[in-house]
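Encoded as structure tokens, the structure appears first; notes follow it.
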Amino acid sequence: PKFVYDFTEGNKDLKDLLGGKGANLAEMTNLGLPVPPGFTITTEACKTYLDSGEEPAALRDEVSAHLDALEAKMGKKLGQADDPLLVSVRSGAKFSMPGMMDTVLNIGLSDKSVQGLAKQAGDDRFAWDSYRRLIQMFGKTVLGVDGDLFEEALEAAKAAKKVAVDTELEAADLKKLVTKFKKIVKTEAGRDFPQDPREQMDLAIKAVFDSWNGERAKLYRRQERIPHDLGTAVNVCSMVFGNLGPDSGTGVAFTRDPASGHQGVYGDYLQNAQGEDVVAGIRNTVALAELEQIDKKSYDQLMQIMETLENHYLDLCDIEFTIERGQLWMLQTRVGKRTAGAAFRIATQLVDQGLIDEAEALQRVNGAQLAQLMFPRFDEEAKVEKVGRGIAASPGAAVGKAVFDSYTAVKWSRSGEKVILVRRETNPDDLDGMIAAEGILTSRGGKTSHAAVVARGMGKTCVCGAEELEVDTKRRRMTVPGGHVVEEGDVISIDGSSGKVYLGEVPVVPSPVVEYFEGRMHAGAEDADELVEAVHRIMAFADRKRRLRVRANADNAEDALRARRFGAQGIGLCRTEHMFLGDRRELVERLILADTEDEREESLKALLPLQKQDFVQLFESMDGLPVTVRLLDPPLHEFLPDITELSVRVALAESRQEPHENELRLLQAVHRLHEQNPMLGLRGVRLGLAIPGLFTMQVRAIAEAAAERKAAKGDPRAEIMIPLVGTVQELEIVREEADQVIAEVEAATGAKLKLSIGTMIELPRAALTAGQIAEAAEFFSFGTNDLTQTVWGFSRDDVEASFFTAYLEKGIFGVSPFETIDKDGVGSLVAAAAKAGRETRPDLKLGVCGEHGGDPESVHFFHEVGLDYVSCSPFRIPVARLEAGRAAS
Ligand code: ADP
Ligand code: MG
Ligand code: MG
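Using full-length UniProt numbering, read the sequence shown as starting at 13 and increasing by one per residue.
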């Protein structure tokens, strides 16, 4: 294979091979934009190296050939003593992993060529600044020297000179610093800083390969669900210099605001600086708009290029650029990360601009973003003490105890505390603390700082650059204006949508998006929120496209009504067990303990009207829409008193010689019904078959409720669902009894009820014999929670807390199979059962209830295998609608 591509050879669709950065550098090169020449080493080369521990044999020669060509183009040789070609060696994987892997700038400088560079540029300071940066970056990332040692030496040099920023250091100071840095390298790495430019380059390339497997990178990939076997590409790019004086500089820009989606000029610029300085928040940047004053020509050109890029990528792009003595260079672009709200707005804006169509707009947003927009926000009316304001870097409302380092963040959050990670600025080492925290607050850095970029990517609340806050990480405290000190453990609240920082806990209010779904805020109204407007339109696109219907899991009229407002097209799962709690528990207890037919009849008779009333309300709230009622499912003992508690009661009564006949009877029954494995015991249809009259009472309640609704001119559409069926015989027996009861109710009321009867498919045997079961079922609802438990042999209530973390860490699954359907195992059973069921009964209705019904990835799967609907909790309904629309477009 070909391992090296010149920037002129690639294009944006080659991200797998060239990584995102390489593919886009090539794309920009071919668009005729000013990109410094260079070449990209493929991810294949990286994978070969990582697998075998050796660089592929052909790689060295190919790199040499491309380097020769680059040198010819630039008219100078790498590290040439009198006029050195310098390059950067940059990582760049398929998916952006900001700051997670290594990049080394200024490769090619040495004790000799630094002189040549100084002469060519006519600037000693610049040359020595570039050299010290090389040794620093190379020392840290290639030779593994602790970066703090360099930072401390730099700080010491500034202190000795009594200056505040590095630009005030002069050539002589920097020269001394270089000597110091070289000494640090020698001591720490046990070798001299390499003077041979090619050796520098080769070592840097290898270090970039290796950085793919760095701890930071691995953690980030797990968090972002990026596969571990992609490898990174390496970009070798000729250097341009932003640190050549005030007419030079470096910056980042967005073609639109990544927080709001508004078009305009967004970004940061830093004069007389090199690449990393902007992102690291070393010095304070100026707003990009100010570049117009500083260098109008470059500014205008940049605006032009930004427009070109948007029209080419048809999306928001982010950009890294450098100006070298008035000449603009593009160093990176990609389709930019954005907040959830901006994603919705940008998608609709692009539709309005005629750049994309509705189907494409649906691909620009996702259910996870919509879910994020449904989070509550801070109550603006609340009496709170605002103590600072930073940049609104990533939205959300976060409350927690202030912690000042990653370690504490992780430790405290493990013990169940909510924490806010407060730092001066973050760097990649803070990643696990950022993951553990509710939110992130920094006192330095802009919208493009590490904290901001990473938090946005994780969907985590972040306020950055809150400069009035004095963060002292050493003493674990921060001082707010006015002198109040926030100590580690004090509660603070941060608002990532406004950038505000508060002392104490601020109460939260619902999001406008939820207000909209609830019908309390309307799209199209004069003062309508822009975000609500965008969500409204995207939801309409999704509803037009989707084939899957979306129902709710709801057990009472209140939930049902909310679900309906959220767009539910029926109830896919009404759990009747919730109707047996509270006051009614005693009746159930009596039913279970009944010794005689009469006793049983009596308790059933008492339960019937109560059940019926529940159903009347439910059918009324879902009038005209299907309501699937599941007959009683959970293990019986859930309705009985706790065995230990009861034993104590009996023992007490005994010792006091008080009468305790009832307690004793109860205790005996509890013992009799006790099961080692209740989830695999007496539950579901087994209950219906073991306790005569229980299911028929429930069916009667449903039928009578439906009849009552009919009489009231309603349109009830009840569906009766039998849980935990493993064989068609179970279903046939229940069905026969049910049909009889329904016929009785119809005869008595004169109503034609048209109740359908179906079953859950939640046991492997049911799935495997779905063809037979469909003989007796008018619908299937896949109970994917139980199906996952039984297919894997996992007890959901136990395993998530015990070994799932280890499984996730070892990569056995990328995500819990209870969260996202396990397509290969559980999913293939669902697909096969759906197919077999429809072969028996072509009009068999197919749905799914359980957590998976509201999980984006699972919704796509259910669409693909041809189910008719998904059912999920009311709050997940908008997410399911959106994802069903995305799946169909
Ligand atoms: P990251 O993926 O962490 O952003 P990059 O490879 O983009 O790393 O490089 C880090 C910084 O160095 C960026 O600001 C980039 O613009 C700058 N940079 C990279 N290559 C060059 C170059 N050839 N000339 C000047 N600056 C560069
Ligand atoms: Mg970059
Ligand atoms: Mg179940």
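Cβ atoms here follow ideal geometry from the backbone N, Cα and C, with glycine treated the same way.
Nearest-angstrom Cβ-Cβ length linking residue i and residue j, presumed shorter than 8 Å
i	j	result
A359	I550	6 Å
L98	M251	4 Å
T297	Y311	The pair is not a contact, with the Cβ atoms about 15 Å apart (cut-off 8 Å).
L605	L678	7 Å
E227	D158	Between D158 and E227 the Cβ distance is about 15 Å, and since that is not below 8 Å, they are no contact.
G579	V600	Contact flag wrong, Cβ pair sits at about 35 Å.
Q132	D95	5 Å
residue 12	V264	Any property of residue 12 remains undetermined from this structure, which presents the chain solely from 13 to 901.
T739	T781	7 Å
V363	D369	7 Å
L799	L841	7 Å
residue 5	A229	An answer regarding residue 5 cannot be provided, because it is not within the stretch 13 to 901 covered by the chain.
L26	Q286	Contact flag wrong, Cβ pair sits at about 28 Å.
L303	P46	The Cβ separation is near 16 Å, so there is no contact.
L186	R144	5 Å
With 16 other Cβ atoms within 10 Å as the buried cut-off, status of residue i
i	result
T346	Before going on, a small fix: residue 346 reads as Arg here, not Thr. Result: buried.
T54	buried
K89	buried
S883	buried
E211	exposed
F825	exposed
D751	exposed
S223	buried
R426	exposed
T438	buried
H649	buried
A176	exposed
Contact with chain B by residue i, beta-carbon distance below 9 Å
i	result
E720	Among the chains of the structure shown, chain B does not appear; only one protein chain is present.
Three-state secondary structure assigned by DSSP to residue i
i	result
N565	strand
T491	strand
I403	strand
K512	strand
L43	coil
W224	coil
residue 902	With the chain represented from 13 up to 901, any question about residue 902 goes unanswered, as that position is not in the structure.
P209	helix
V518	coil
G279	strand
P638	strand
S100	strand
A580	coil
M342	strand
D417	coil
L117	strand
N439	coil
S807	coil
F874	helix
L664	helix
T244	strand
Say whether the region 442-450 touches the region 464-478, bearing in mind that this needs 3 or more beta-carbon pairs closer than 8 Å, one atom from each stretch.
yes
Can you confirm whether the region 474-493 touches the region 394-408 when touching is taken to mean that 3 or more C-beta pairs between the two stretches lie within less than 8 Å?
yes
Three Cβ pairs or more, each shorter than 8 Å: is that satisfied between the region 127-143 and the region 178-191?
yes
Taking contact to mean 3 or more Cβ pairs, one atom from each stretch, closer than 8 Å, check whether the region 379-386 and the region 416-433 are in contact.
no
With three or more beta-carbon pairs closer than 8 Å as the criterion, would you say the region 229-240 touches the region 307-320?
no
Three or more C-beta pairs under 8 Å: does that hold for the region 112-128 against the region 40-57?
no
Extract the residue ranges of the alpha helix (DSSP H) inside the region 726-805, only unbroken runs of 4 or more that lie entirely within it.
740-761, 776-780, 782-785, 796-804
Across the region 83-95 and the region 22-39, are there enough close Cβ pairs to call them in contact, namely three or more that are closer than 8 Å?
no
Touch check for the region 716-731 and the region 683-692: three-plus C-beta pairs under 8 Å?
Contact fails: fewer than three Cβ-Cβ distances are below 8 Å.
Output the residue ranges of the alpha helix (DSSP H) runs that lie fully inside the region 123-162 and measure 4 residues or longer, sorted by chain position.
DSSP runs (the alpha helix (DSSP H)) wholly in the region 123-162: 125-133, 136-149.
If you pair each beta-carbon of the region 500-519 with each one of the region 407-415, do three or more pairs fall below 8 Å?
yes
Would you call the region 506-526 in contact with the region 389-396, where contact means no fewer than 3 C-beta pairs closer than 8 Å?
yes
Indicate whether the contact test is met: 3 or more Cβ pairs, each with one atom in the region 858-871 and one in the region 825-841, closer than 8 Å.
yes
Counting only runs that start and end within the region 29-83, where is the alpha helix (DSSP H) found for 4 or more residues in a row?
55-64
Touch check for the region 784-797 and the region 850-860: three-plus C-beta pairs under 8 Å?
yes
Okay, do the region 631-650 and the region 565-582 touch, 3+ Cβ pairs below 8 Å being the bar?
yes
Pocket of ligand 5 (residues with CB nearer than 6 Å to any heavy atom), chain order
As for ligand 5, it is missing from this structure, which binds only ligand 1, ligand 2 and ligand 3.
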